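Heads up: the sequence shown begins at 33 in this note's numbering, then just goes up one per residue.
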Amino acid sequence: MTDSPIALAQPDLGGNELAYVQECLETGWISSIGHFITDFEKAFTAISGTQHAVASNNGTTALHLALLALGVGPGDEVILPTVTYVATANAVKYCGATPVLADSLPGTLNIDPAELERLRTPRTKGVISVHLYGIPADVHAIGAFCEANGLFHLEDAAESHGATVGGKPVGSFGDAAIFSFFGNKIVTTGEGGMVVTDDAALEKHLRLLRGQGMDPERRYWFPEVGYNYRMTNIQAAIGVAQLERFDALLAKRQELAHRYVSHLATFDDVDLAVVPEGTVAVPWLQNVYLRGADGERRDAVMAALKEEGVDSRPVFYPMHVLPAFESARPFPVADDWSARGISLPLHTGLSLDDVDRVCETLARVTA
Ligand SMILES: *Cc1c(COP(=O)(O)O)cnc(C)c1O
């Protein structure tokens with residue numbers, strides 16, 4: 033008997049995605065004008081809990097737009113967690129600003145709010161909180177710090193559609209937030225992103241920057257340098273179909289995550305993240321942290337999983353070890369946890385039996 037390989041992630045396109053994309057093709061509305069874009073933006077505000085949502089062509093450009101609209105420019109510093117997807121740090125660089133890296137909290141690897149005061153300088157412009165792997169960051173502590181010091185708070189919610197803090201969705205706590213709809217994210221449009229905010233002036237500026245800087249009142253007049261970061265109607269058509277099934281997609285992920293935890297909590301050689309009290313996480317990928325392991329041992333376990341047909345990937349390398357963002361400060365928590373972290377498969381195409389098989393395989397290869 034040969035078991036088929038278990039993929040780390042895969043999109044779930046089983047709803048109206050095909051019909052809506054077909055409508056784009058049949059009507060000719062395949063570029064960045066069309067009702068799916070406005071429908072998607074409007075529907076998304078129910079998930080982000082914000083007044084406004086501005087779609088973009090990916091999550092990285094959403095970050096760039098948000099930082100520009102929040103006034104980030106050369107000479108500024110922006111504090112962000114050292115463990116994140118590289119896009120968070122890259123977008124700060126695109127603005128000519130400097131990413132200032134903070135160490136992580138154990139388990140969730142989210143930004144440690146105790147780092148913020150230590151990292152603040154006269155050049156600090158704001159803080160990006162990242163809800164890593166779907167677990168909410170401490171938005172109350174971060175928001176209070178930002179407010180007390182006149183800084184912006186931008187949430188990177190790229191991996192956390194639908195997560196909540198005190199019953200309120202992530203994305204609704206900062207001055208703005210961004211989401212990603214890459215193919216492996218909780219909601220996908222293939223490639224895609226969104227900036228959300230309650231600030232009407234910020235929304236207006238985001239739309240202007242997204243569309244080459246064109247004045248909305250005067251066609252072909254460009255008062256400032258802008259970008260072409262627009263989402264297509266085809267991307268948005270997929271997004272609208274995804275949001276129709278959002279609750280079901282999340283419920284399936286929660287079911288799989290519960291199954292994972294019921295197994296993994298009985299392992300005596302792995303650590304799991306503890307979801308902070310008062311928050312609801314959304315399972316993006318299922319992380320395990322091998323107790324006492326280093327990066328070499330972790331990589332060997334991933335190779336052994338692969339041999340048995342189970343795909344996995346390393347938890348993000350901290351930014352401070354990458355050539356572009358090197359920092360000499362010590363990051364003891366990020367270094368320890370990221371080196372021994374493995375992300376296991378989690379997507380709606382998995383069955384509970386698949387989860388059982390992943391856990392049995394992990395037990396075998398770590399024994
Ligand atoms: C996926 C992701 C992004 C944006 O990525 P895109 O691939 O450009 O959509 C930004 N931040 C984090 C934390 C992410 O996981």
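Glycine included, every Cβ here is placed at the ideal spot set by N, Cα and C.
A quick note: this is a predicted structure, and the numbers were derived from the prediction, not measured.
Do residue 260 and residue 69 have their C-beta atoms within less than 8 Å of each other?
Result no, Cβ atoms of residue 260 and residue 69 do not sit closer than 8 Å.
Chain-order list of residues whose beta-carbon lies under 6 Å from that of residue 33 (same chain, five-residue window excluded)
Interpretation of residue 33 is limited by its pLDDT of 45, a score under 50 that renders its predicted location unreliable; the figure taken from the coordinates is listed afterwards. So the list is empty, once near-sequence residues are dropped.
Can you tell me whether residue 398 is helix, strand or coil according to DSSP?
helix
Taking 7 Å as the cut-off, is the beta-carbon of residue 261 closer than that to any non-hydrogen atom of ligand 1?
no
List in chain order: all unbroken alpha helix (DSSP H) runs of 4+ residues lying wholly within the region 116-159.
118-126 and 148-151
According to DSSP, which residues form a beta bridge with residue 374?
320 and 346
Determine the DSSP secondary structure at residue 357, reduced to helix, strand or coil.
helix
Length of the line joining the Cα atoms of residue 306 and residue 140
7 Å
Just how far apart, CA to CA, sit residue 300 and residue 178?
39 Å
With a CB to CB cut of under 7 Å and the five nearest residues on each side skipped, what residues in its chain are close to residue 62?
For residue 62, where only same-chain residues beyond five positions count, the Cβ hits under 7 Å are 56, 264, 265 and 266.
Indicate whether residue 11 and residue 38 have their beta-carbon atoms separated by less than 8 Å.
The displayed coordinates of the chain run from 33 to 399. Any statement about residue 11 would go beyond what the structure contains.
Just tell me which of 250, 153 and 317 has its CA closest to the CA of residue 344.
317
Between residue 88 and residue 242, which are expected to be in contact by the criterion C-beta below 8 Å, what is the C-beta distance as a whole number of angstroms?
6 Å
Please determine, among 86, 122, 354 and 99, the residue with the shortest C-alpha to C-alpha distance to residue 236.
86
Compute the distance between the beta-carbons of residue 185 and residue 170, then report whether it is under 8 Å.
no
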